[in-house]
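A.B. asks:
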Amino acid sequence: MTDTDVLVVGAGPVGLTLAAELRRHGVDCRIVDRLSDPQPHAKAIGIVPRTLEVWDTMGLVDRVLDEAVPHLGQIVYVDGKARPQVELTLPPEVPYPFATLPQCTTERLLTEHLARFGTGVERPVELQAVEVRPDAVQAVLAHPDGRTERLSARYVVGCDGAHSLVRKAAGLTFDGDALPELYMIGDVELDWELPAGYSMRSVNLDENGEMDDMLVCIPMGARRYWLSMLRPNNSQATPADPDTGTGTGTGTGTDTGARTTTTAATTENSPTTSDDTTLGSGSGKGPDLGQIQAVLDRLAPEVTTASSLRWSSAFRTSHRLVDRYRNGRLFVAGDAAHINPPIGGQGLNTGVQDAHNLAWKLALVVRGLAAEELLDTYHAERHPVAQEMVNRTVQHARNIRQVGSGPLNGGAQAEMMLWRQAQLLVSYPDSPLTAAQTENRTAEAGPAAGHRAPDCRGLISDLAAYPRRLFDLLRTPRHVLLLFAGPEHASGRGAEQLEACASAAQRAAHGLLDAYFITGADVPQDARPVGLRPSRVRDAAGEFHDAYSPQDGEAILIRPDVYVSGRFHPATPERVAEHLRHTFV
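In terms of this note's numbering, the sequence shown opens at residue 913 and continues consecutively.
1) Who are the near neighbours of residue 963 in its chain, counting only those whose CB is closer than 6 Å to its CB and skipping five residues on each side?
2) Would you mind reading off the limits of the alpha helix (DSSP H) that contains residue 977?
3) What's the call for residue 1179, buried or exposed, on a 16-neighbour Cβ count within 10 Å?
4) Whole-angstrom Cβ separation of residue 1230 and residue 1089, contact assumed at under 8 Å?
5) Given a threshold of 16 other Cβ atoms within 10 Å of its Cβ, counted over all protein chains shown, does residue 1163 qualify as buried or as exposed?
6) Please state the DSSP three-state secondary structure of residue 1123.
7) Considering just the uninterrupted stretch of the alpha helix (DSSP H) at residue 1208, what are its terminal residues?
8) Looking at C-alpha atoms only, which residue of 1301, 1032, 1309 and 1404 is the closest neighbour of residue 935?
9) Give the secondary structure of residue 989 by DSSP, where H, G and I count as helix, E and B as strand, and everything else as coil.
10) Whose C-beta lies closer than 8 Å to the C-beta of residue 1310 among residues of the same chain, with five residues either side of it excluded?
11) Going by beta carbon distance, what residues of the same chain come within less than 6 Å of residue 1358, once the five residues before and after it are set aside?
12) Under 8 Å, with one C-beta from each stretch per pair, do the region 980-992 and the region 923-939 reach the 3-pair mark?
13) Below 8 Å between beta carbons: does that hold for residue 1407 and residue 1397?
14) By how many angstroms is the C-alpha of residue 1403 removed from the C-alpha of residue 1304?
15) Residue 1022 and residue 932: beta carbons closer than 8 Å?
16) Determine the DSSP secondary structure at residue 1304, reduced to helix, strand or coil.
17) Is it buried or exposed for residue 930, if we count other Cβ within 10 angstroms and need 16 for buried?
18) Thinking C-alpha only, which one of 1468, 1472 and 1495 is nearest residue 1484?
19) First and last residue of the beta strand (DSSP E) that includes residue 1231?
20) Evaluate residue 1436 with the Cβ neighbour count: other Cβ atoms within 10 Å of its Cβ, from every protein chain shown; 16 or more gives buried, anything less gives exposed.
21) Apart from the five residues on each side of it in sequence, which residues of its chain come closer than 8 Å, Cβ to Cβ, to residue 1361?
22) Are the CB atoms of residue 1236 and residue 1291 nearer to each other than 8 Å?
23) So within the region 1003-1075, which uninterrupted beta strand (DSSP E) runs reach at least 3 residues, ignoring any that extend past its ends?
24) If residue 1266 sits next to residue 1074, beta carbons under 8 Å apart, how far is it from one beta carbon to the other, in whole angstroms?
25) Who are residue 914's beta bridge partners in DSSP?
26) Going along the chain, which unbroken runs of the beta strand (DSSP E) with 3 or more residues stay wholly within the region 1366-1421?
27) Could you check the C-alpha separation between residue 1067 and residue 1053 for me, to the nearest Å?
28) If we count the other Cβ atoms within 10 Å of its Cβ and call it buried at 16 or more, is residue 1335 buried or exposed?
29) Alpha carbon to alpha carbon, what distance is there between residue 1226 and residue 1282?
30) Compute the Euclidean distance between the alpha carbons of residue 1043 and residue 1050, then round it to the nearest angstrom.
31) Decide if the region 1109-1120 is in contact with the region 1205-1213; the criterion is three or more beta carbon pairs, one per stretch, under 8 Å apart.
32) Is residue 1104 helix, strand or coil when you go by DSSP?
33) One question on the structure: do residue 1415 and residue 1428 come within less than 8 Å of each other, judged by their Cβ atoms?
34) Pick from 969, 1008 and 925: whose alpha carbon is nearest that of residue 1390?
35) How should residue 1084 be labelled, buried or exposed, when 16 other C-beta atoms within 10 angstroms of its C-beta is the threshold for buried?
36) Which residue's Cα is closest to the Cα of residue 1386: 948, 1405 and 1424?
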């Protein structure tokens, strides 16, 4: 017997996403964090379009959209002269843009979302030790009243950051290195008139054409900006932390600019303790308003005054990646598995998607509906994603002194980079859970197995006069089977064959599968499948056809994390059921 199915260690965005998804999938879990209260800092702020899609399927996105602000692009200056403006514009079929949201707000929204499942974060509760046994994990938890609790869990997931105790207990390596540049960041208000929704990047070059001064300002709404600046006196950097490769420092923040407090400040790749380095005239802390103002005076494109410093920090970037995401009953996700230069907001978003990938798999295994081997696909799918992300951000950081006009200006390569930054190109074509394709597919043929399932609009159901989105059908913890019925399969024997596919799939998935007929726009509205199930929606606007290029009689299976698991044409009950047996027992 165990006390809980899953113990989640760490209540940042990754741990909160994992706990909420476990509860949505019907799994018991506890989530603990060693801090008495959530940190009230902006920290990681970039939200990419794929993460908003994830939060959509979780049922959270409306709350996020109420509080996030769009990130429309970047205004670039080199030596005070304007360069071509970078636009973060995606095609209209992508439902969400780039956005910014302070991490403290992200954590609050996820905590409120988790509470709707009757689960709260236990604070301050610290994991002290882990002992893995054949049938469970014994965890020792320290409570604030001095009590020590021995907890038995079937699985433990470390979302406990770069210094992860769970990672150490699992015996995972965390190899990487530190980069030479030192940065300082600040959360302030600016009184300039730059266009709303645009970040600003201003650099100065030395006589060799290399960057020797830099300022990046990212909007967070209502004149509030997240500032990143090169840190003076780089030669006085502290040695890299032996565990994370991260330099250290403390942060300072003020709520009005008059009263100053000093707090521990941690970015997704940053300081956790104080150091002895200096920041120009500073004394080992994050920059104060005066130091920030000095950078603005040098590099801002117009005269502006910084005020209301909420938080600041000084840090050295590094990159590290675990060798494995899993060792038996222990898992890691987010910063416990990978850290990278904080460029493009990739770290937080990759961690959220780690959690989204793992949750549905853990749920099926805990409920006895899938074999233990399903959990190995977590590493198989997510480790290559983190490896690519770390390599890309490291390369970007190393090339940052080669300023140019920015990598996202014009051409096919720039468009590909934009989609990669949006994390819309993450895919699992080689996963054991991905059905092999029987034919070559091009981009025009719609998403292949292993690729992201795109949204589309204009679906009309029998019982609703208003159009629906495909994501409305995918907002479920179940697999979803889409059966495309053109003229040959909208009725009669063709429809019977598709109904048989739906029935076989639901049996193979132990009922954890929703099936839908999607009829083409060229199918008469009075044409109906033979039975009442599965439900029917009509592709009235033709957007499903444009996005997926389905063939008449094709079945498209979509996983709970909204990736295409397989495409089957012709769809037969045997083919669909056999593929589902790679997931379900």
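Using N, Cα and C, we set each Cβ at its ideal position, and we do this for glycine too. Note that this is a predicted model, so its numbers are computed, not measured.
C.D. replies: Looking at the atomic coordinates:
1) Within the same chain, 1261 and 1264 come within 6 Å of residue 963 by CB-CB distance, once the 5 residues on both sides are set aside.
2) 973-979
3) Bear in mind that a pLDDT of 36 at residue 1179, under 50, signals an unreliable position, so the model cannot answer this.
4) 7 Å
5) With a pLDDT of 34 at residue 1163, under the threshold of 50, the modelled position of that residue is not reliable, and the figure given next carries that caveat. That one is buried.
6) strand
7) 1201-1211
8) 1032
9) Residue state, collapsed to three classes: strand.
10) 1091
11) Excluding the 5 residues flanking it on each side, residue 1358 has same chain C-beta neighbours closer than 6 Å at 1460 and 1461, in chain order.
12) no
13) The Cβ atoms of residue 1407 and residue 1397 lie closer than 8 Å to each other.
14) 50 Å
15) yes
16) helix
17) buried
18) With respect to the C-alpha of residue 1484, the residue from 1468, 1472 and 1495 having the closest C-alpha is 1468.
19) 1218-1234
20) exposed
21) 1341, 1346, 1347, 1348, 1349, 1476, 1477, 1478 and 1479
22) yes
23) 1038-1044, 1049-1054 and 1060-1070
24) Rounded, the Cβ-Cβ distance is 14 Å, inconsistent with contact.
25) Looking at the DSSP assignment, residue 914 forms no beta bridge with any residue, so it has no partner.
26) 1371-1373 and 1391-1397
27) 15 Å
28) buried
29) Cα to Cα, residue 1282 sits roughly 46 Å from residue 1226.
30) 5 Å
31) yes
32) Coil, per DSSP.
33) no
34) 969
35) Under this definition residue 1084 is a buried residue.
36) 1424
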